[in-house]
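In my numbering, the protein residues as written are 1 to 277.
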């Protein structure tokens with residue numbers, strides 16, 4: 001009962017503030033118009049990621065993307081490259097900063113998988129990046145939950161195409177042009193959410209992970225609160241869901257009335273005393 005009332009209070013507070021807790025959509029990212037079409041992030045929510053993509057993690061271990069699914073927990077997929085002069089670091093910084101305030105347990109309830117889109121980058125670069133970001137994250141289990149990878153270009157391209165991450169080499173600038181965002185992949189290997197931009201609100205990331213896991217992660221309060229919000233795939237945002245609030249109010253009312261009736265029944269029974277034999 002206490003959890004339900006707390007959840008209702010959270011939902012009402014969000015509603016009164018006119019909360020739209022959604023992440024940035026593609027139209028909100030300022031560099032979108034300057035990016036060539038082949039270097040933008042496309043909406044491919046619902047796509048199946050290729051689980052046989054071969055990669056090497058920062059420990060030097062050969063893995064496939066399938067090694068990160070089937071564990072009843074979702075993962076955050078981050079694509080970029082380790083020598084990127086700015087944008088990739090901004091995305092990684094935004095991801096880690098959001099995860100610091102996500103009340104889910106790294107490694108137990110979700111993981112983060114990063115892959116370089118530049119096949120020329122090596123394991124030393126991946127290991128250095130992993131160490132820096134695991135330290136910056138600082139959460140218990142972060143080192144095990146955060147993995148950085150390198151792969152052959154054909155494998156990188158297969159995964160990038162599957163999730164809609166466009167990128168192209170710019171000869172003039174000697175760097176990759178690409179979009180900014182992260183991807184949430186479900187335990188069965190389905191792309192469930194694409195979060196655009198270089199910074200992400202912890203609530204958005206948490207909701208996306210819980211939603212992707214279909215109730216397998218998160219607390220009871222998290223699941224109740226989520227009933228007040230709905231993910232809108234057309235603009236990639238979580239918005240307040242009025243019918244969810246109505247349902248929650250109904251549940252609170254029924255629980256309250258049920259508790260009141262039980263209390264009245266017990267009081268009446270106590271007044272009557274024990275039955276005579």
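All C-beta atoms, glycine included, are put in the ideal place defined by N, C-alpha and C.
*Give a yes or no on whether the C-beta atoms belonging to residue 130 and residue 58 are separated by under 7 Å.*
Reading the chain shown from its first residue, position 130 is the one you call residue 130. Reading the chain shown from its first residue, position 58 is the one you call residue 58. Taking 7 Å as the Cβ cut-off, residue 130 and residue 58 qualify as a contacting pair.
_For residue 108 and residue 159, I'd like the C-alpha separation in whole angstroms._
For the purposes of this step, residue 108 is taken as residue 108 along the chain shown, with counting starting at 1. For the purposes of this step, residue 159 is taken as residue 159 along the chain shown, with counting starting at 1. About 24 Å.
*Could you name the residues that DSSP lists as bridge partners for residue 115?*
Working through the chain shown from its first residue, we reach residue 115 at position 115. Its beta-bridge partners are 79 and 149.
*What residue range is occupied by the uninterrupted beta strand (DSSP E) comprising residue 177?*
By one-based count along the chain shown, residue 177 stands at place 177. First-last of the beta strand (DSSP E) with residue 177: 175 to 178.
*Starting from the C-beta of residue 66, find all residues in its chain whose C-beta is less than 6 Å away, skip the five residues before and the five after it, and write them out in chain order.*
By one-based count along the chain shown, residue 66 stands at place 66. Within the same chain, residue 66 has close Cβ partners 51.
*Is DSSP giving residue 42 helix, strand or coil here?*
Locating residue 42 in the chain shown gives position 42, counting from the first residue. Correct three-state label for residue 42: coil.
*Should the stretch 96 to 105 be called in touch with the stretch 189 to 208, which here means at least 3 C-beta pairs below 8 Å?*
yes
_Residues of its chain near residue 71, where Cβ-Cβ distance is below 7 Å and the 5 sequence neighbours each way are ignored_ = Residue mapping note: residue 71 aligns to position 71 of the chain shown, counting from 1. Only 187 meet the Cβ criterion.
*Starting from the Cα of residue 125, find the closest Cα among 150, 135 and 92 and give me that residue.*
Within the chain shown, numbered from 1, the residue matching residue 125 stands at position 125. Cα-wise, what sits closest to residue 125 is 150.
*Any idea what DSSP makes of residue 166, helix, strand or coil?*
Your numbering for residue 166 matches position 166 in the chain shown. It is coil, neither helix nor strand.
*Alpha carbon to alpha carbon, what distance is there between residue 54 and residue 152?*
Within the chain shown, the letter at position 152 stands for residue 152. Within the chain shown, the letter at position 54 stands for residue 54. Their Cα atoms are separated by approximately 8 Å.
*Going by the CB atoms, is the gap between residue 167 and residue 39 shorter than 7 Å?*
Walking along the chain shown from the start, residue 39 turns up at place 39. Walking along the chain shown from the start, residue 167 turns up at place 167. Contact: yes.
_Buried versus exposed call for residue 111 [16 or more other C-beta atoms within 10 Å across all chains shown]_ = For this step, residue 111 is matched to residue 111 along the chain shown. It is buried - the Cβ of residue 111 has at least 16 other Cβ atoms within 10 Å.
*Going by beta carbon distance, what residues of the same chain come within less than 6 Å of residue 143, once the five residues before and after it are set aside?*
Locating residue 143 in the chain shown gives position 143, where the first residue counts as 1. Result list for residue 143: 134, in chain order.
_Alpha carbon of residue 198 to alpha carbon of residue 114, nearest angstrom_ = Along the chain shown, read from residue 1 onward, the residue named residue 198 stands at position 198. Along the chain shown, read from residue 1 onward, the residue named residue 114 stands at position 114. Straight-line Cα distance between these residues: approximately 15 Å.
_Counted within 10 angstroms of its Cβ, other Cβ atoms place residue 20 as buried (16 or more) or exposed_ = Counting from 1 along the chain shown, the entry for residue 20 is found at position 20. Because the pLDDT of residue 20 is 37, which lies under 50, any placement of that residue in the model is unreliable, and the number read from its coordinates should be weighed accordingly. With fewer than 16 Cβ atoms within 10 Å of its Cβ, residue 20 is classed as exposed.
*Measure the alpha-carbon distance for residue 157 versus residue 163 and round it to whole angstroms.*
As a position in the chain shown, residue 157 is number 157, starting the count at 1. As a position in the chain shown, residue 163 is number 163, starting the count at 1. For residue 157 and residue 163, the distance between alpha carbons rounds to 10 Å.
_residue 85, buried or exposed, once every other Cβ within 10 Å from all chains shown has been counted against 16_ = Along the chain shown, one-based indexing puts residue 85 at 85. Residue 85 comes out exposed.
*What is the DSSP secondary structure of residue 57, reduced to helix, strand or coil?*
Working through the chain shown from its first residue, we reach residue 57 at position 57. Correct three-state label for residue 57: strand.
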